[in-house]
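Trainee: Be aware that the sequence shown starts at -13, since it is given in the numbering used here, and climbs by one per residue.
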Amino acid sequence: MTTLTRREGLVLGAGSALAAMLPESVWAEPAPSLHALAQAKGMRFGSAIAANAGGGIVNSRYTALIKAECGLLVAENEMKWQALRPSPTHFDFTGADAIMDYAMRNGLALRGHNLLWNRPQWQPAWFKEYDFGVQQASEAAALLTTHINTVCARYQGRIKSYDVVNETVLPETGLLAETYLSKAMGSTEALVDLAFHTARAEAPDAQLVYNDYMSWEPGNETHRAGVLKFLEGLRQRGTPVDALGIQSHLIAQDARPQEREWRSFIDAVTGMGYALLITEFDVRDSALPKDFAKRDAGVAALGKAYLDMMFSYTQLRDVLVWGMADPFSWLQGFEPRKDGAPTRGCLLDDAYRAKPLRAAVAAAFEAAPKR
Ligand code: G3I
-13 MTTLTRREGL VLGAGSALAA MLPESVWAEP APSLHALAQA KGMRFGSAIA ANAGGGIVNS
47 RYTALIKAEC GLLVAENEMK WQALRPSPTH FDFTGADAIM DYAMRNGLAL RGHNLLWNRP
107 QWQPAWFKEY DFGVQQASEA AALLTTHINT VCARYQGRIK SYDVVNETVL PETGLLAETY
167 LSKAMGSTEA LVDLAFHTAR AEAPDAQLVY NDYMSWEPGN ETHRAGVLKF LEGLRQRGTP
227 VDALGIQSHL IAQDARPQER EWRSFIDAVT GMGYALLITE FDVRDSALPK DFAKRDAGVA
287 ALGKAYLDMM FSYTQLRDVL VWGMADPFSW LQGFEPRKDG APTRGCLLDD AYRAKPLRAA
347 VAAAFEAAPK R
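(1) Does the beta-carbon of Ser234 have 16 or more other beta-carbons within 10 angstroms, so that it is buried, or is it exposed?
(2) What are the start and end residues of the alpha helix (DSSP H) that includes Asp294?
(3) Would you list, in sequence order, the uninterrupted beta strand (DSSP E) runs of no fewer than 3 residues that lie entirely inside the region 23 to 66?
(4) Pick out whichever of Pro190, Glu175, Leu236 has its Cα sitting closest to the Cα of Val213.
(5) Does the beta-carbon distance from Leu58 to Arg97 come in below 8 Å?
(6) Cβ of Trp248 within 7 Å of any heavy atom in the ligand G3I?
(7) Going by DSSP, what residues sit across from Arg393 in a beta bridge?
(8) Using CA coordinates, which residue listed in Ala327, Val269, Lys53, Ala291 is at the minimum distance from Arg249?
(9) Per the DSSP calculation, Asp198 is bridged to which residue(s)?
(10) How big is the Cα-Cα spacing for Arg30 and Leu274?
(11) Within the present structure, is the beta-carbon of Phe267 separated from the nearest heavy atom of the ligand G3I by less than 7 Å?
(12) Taking the straight line between their C-alpha atoms, what separation do you get for Pro18 and Leu180?
(13) Just mark Pro243 as buried or exposed, buried being the case when its beta carbon has 16 or more other beta carbons within 10 Å.
(14) On a CA-only basis, which of Thr256, Tyr199, Leu263 is nearest Asp304? Give me that one, please.
(15) Looking only at its own chain, which residues have a Cβ that is under 8 Å from the Cβ of Arg270, when we skip the five neighbours before and after it?
(16) Just to confirm the assignment, what range does the alpha helix (DSSP H) spanning Phe314 have?
(17) Cβ-heavy atom distance between Glu245 and the ligand G3I below 7 Å?
(18) On the three-state DSSP scale, how would you describe Arg97?
(19) Counting only runs that start and end within the region 137 to 163, where is the beta strand (DSSP E) found for 3 or more residues in a row?
(20) Are the region 189 to 197 and the region 223 to 230 touching by the rule of at least three beta carbon pairs closer than 8 Å?
(21) Ala128: buried (16+ other C-beta within 10 angstroms of its C-beta) or exposed?
(22) Please classify Gly42 as buried or exposed, where buried requires at least 16 other C-beta atoms within 10 Å of its C-beta.
(23) Report the residue from Thr49, Ala123, Leu102, Ala36 whose alpha carbon sits nearest the alpha carbon of Asp83.
(24) Could you give the first and the last residue of the continuous beta strand (DSSP E) run that contains Arg270?
(25) Determine the burial state of Ser33: buried for a count of at least 16 other Cβ atoms within 10 Å of its Cβ, exposed for fewer.
(26) What is the DSSP secondary structure of Thr225, reduced to helix, strand or coil?
(27) Given the structure, does Asn63 come close to the ligand G3I, in the sense that its CB is under 7 Å from one of the ligand's heavy atoms?
(28) Anyone know if the C-beta pair for Glu153 and Asn104 falls short of 8 Å?
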């Protein structure tokens, strides 16, 4: 098949009528790729991906984009308990395996998200009715260790970084969330520690990550303080945790980000010896004007400022976006704009055209110090 050169692609314009008639695999993507730019600095770039959705491995236009830009993937939903555990006694690896196979076939690394999302609303509904019996703590421990051992054994040697625990610090109080599992265990600390120890034993070579959404906008003070206290506790107890996953669902808004406070937070995290990852980058644009050009410029400026700061920390190597293109983003459903316009928080638009945010990410990699 004839492949367009970059120049030809640009002359044509990826969104033009003629471009729309071209076979999907000749989608014109700006060169060099984001992963190549990241690699030049000892970093990696990647994205969340689905199994059976528009932003998934079933969409060849989307996968052309993934192959062109990414070196790293994460399953958006398919490795969560809700997907893997239809019942207490069954595992369903259909979606997870499909994504793993896709990653292997295409030479892409895959992160594991997640082994324990410690919020009741994001755990399978059957937990509510589950009978933990008289020996509650040991039953809860058995459920958790069976889950982690099964997942880690299945992807042994293939998944080298896990979000072992996701979002257990409550943003409103900074305290740890309680779930059916943690109550049965006796404490959230005991549950979380068991999760990390089990992952370390079953996947000794994998990077073990605590992943959360504390951010740099005002209003995150309690969440950040809670995460720091949690990370300190993990160190004091000798819990094996290698890194903090900073989700990075940024919010474009009038109030200025708390840059100084954010730096102190990251300094404290790295000071405790944790590595950093950006695990779910995108920009919530509800407060920006509807006008595309203005909105895209605002999103890109915010993204660039944030990534420049984050990339100055050489403890940060992996950067993942939470989906590459606007139409498939969780933001469309979870954070719709009041004016009804589609959100534009991803790097590419609904016609897979690169937006200023893609250029901002590229520029941030180019400006980053080498690892
Ligand atoms: O697949 C089912 C479908 O069969 C069913 O008909 C439909 C009805 O609601 O639901 C579908 O599942 C939805 C799933 O996304 C796949 O689209 C779930 O309801 C919905 O809750 C789920 O939302 C995901 C959410 O996490 C909760 O798991 C979002 O896609 C996903 O982007 C979001 O990702 C989270 C990260 O894991 C953690 N950090 C925050 C981030 C954004 O919220």
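Beta carbons: idealized from backbone N, C-alpha and C, even for Gly.
Mentor: Taking the definition as stated:
(1) For the purposes of this step, residue 234 is identified with residue 248 of the sequence shown, where counting begins at 1. The residue in question, Ser234, is buried, as its Cβ has 16 or more Cβ neighbours within 10 Å.
(2) Here residue 294 corresponds to residue number 308 of the sequence shown, with the count starting at 1. Unbroken alpha helix (DSSP H) run through Asp294: 278 to 297.
(3) For the region 23 to 66, whole beta strand (DSSP E) runs of length 3 or above, ordered along the chain, are 30 to 35, 58 to 61.
(4) Here residue 213 refers to the residue found at position 227 of the sequence shown. The candidate whose alpha carbon is nearest that of Val213 is Glu175.
(5) The residue given as residue 58 occupies position 72 in the sequence shown. The residue given as residue 97 occupies position 111 in the sequence shown. Note that the C-beta distance between Leu58 and Arg97 is below 8 Å.
(6) Residue numbering aside, residue 248 sits at position 262 when the sequence shown is read from its first letter. Answer for Trp248: no, Cβ out of range of the ligand G3I.
(7) Any property of residue 393 remains undetermined from this structure, which presents the chain solely from -13 to 357.
(8) By one-based count along the sequence shown, residue 249 stands at place 263. Minimum Cα distance to Arg249 is reached at Ala291.
(9) Residue mapping note: residue 198 aligns to position 212 of the sequence shown, counting from 1. Answer is Ile232.
(10) What you label residue 30 is simply residue 44 of the sequence shown in a count that begins at 1. What you label residue 274 is simply residue 288 of the sequence shown in a count that begins at 1. Straight-line Cα distance between these residues: approximately 30 Å.
(11) Position 281 of the sequence shown, counting from 1, holds the residue named residue 267. Phe267: no, Cβ never under 7 Å from the ligand G3I.
(12) By one-based count along the sequence shown, residue 18 stands at place 32. By one-based count along the sequence shown, residue 180 stands at place 194. Spanning the two alpha carbons is a distance of roughly 43 Å.
(13) Mapped onto the sequence shown, residue 243 falls at position 257. The residue is buried, with at least 16 neighbouring Cβ atoms inside 10 Å.
(14) Here residue 304 corresponds to residue number 318 of the sequence shown, with the count starting at 1. Among Thr256, Tyr199, Leu263, the Cα nearest to that of Asp304 belongs to Leu263.
(15) Counting from 1 along the sequence shown, the entry for residue 270 is found at position 284. Closer than 8 Å at the Cβ level, and outside the excluded window around Arg270, lie His235, Leu236, Ile237, Ala238, Leu317, Glu321, Thr329, Gly331.
(16) As a first step, residue 314 is located in the sequence shown; it is residue number 328 there, counting from the start. Taken as a continuous stretch (DSSP letters only), Phe314 belongs to no alpha helix (DSSP H), as it is neither H nor E.
(17) Taking the sequence shown and counting its residues from 1, the one referred to as residue 245 is at position 259. Checking the Cβ of Glu245 against the ligand G3I gives no.
(18) In the sequence shown, counting from the first residue as 1, residue 97 sits at position 111. Reduced to three states, the DSSP call for Arg97 is strand.
(19) 145 to 152
(20) yes
(21) In the sequence shown, counting from the first residue as 1, residue 128 sits at position 142. Label assigned to Ala128: exposed.
(22) The count along the sequence shown starts at 1 and reaches residue 42 at position 56. Under a 10 Å Cβ-count criterion, Gly42 is classified as buried, with 16 or more other Cβ atoms of the shown protein chains found around its own Cβ.
(23) For the purposes of this step, residue 83 is taken as the residue at position 97 of the sequence shown. That would be Ala36, whose Cα lies nearest to the Cα of Asp83.
(24) As a first step, residue 270 must be located in the sequence shown, where it is residue number 284. Where Arg270 is concerned, the enclosing beta strand (DSSP E) stretches over 261 to 270.
(25) For the purposes of this step, residue 33 is taken as residue 47 along the sequence shown, with counting starting at 1. Buried, since its Cβ has 16 or more Cβ neighbours within 10 Å.
(26) Here residue 225 corresponds to residue number 239 of the sequence shown, with the count starting at 1. DSSP places Thr225 in coil when its eight states are reduced to three.
(27) By 1-based counting over the sequence shown, the position of residue 63 is 77. For Asn63, the Cβ falls inside the 7 Å cut-off from some heavy atom of the ligand G3I.
(28) As a position in the sequence shown, residue 153 is number 167, starting the count at 1. As a position in the sequence shown, residue 104 is number 118, starting the count at 1. Going by C-beta atoms, Glu153 is nearer than 8 Å to Asn104.
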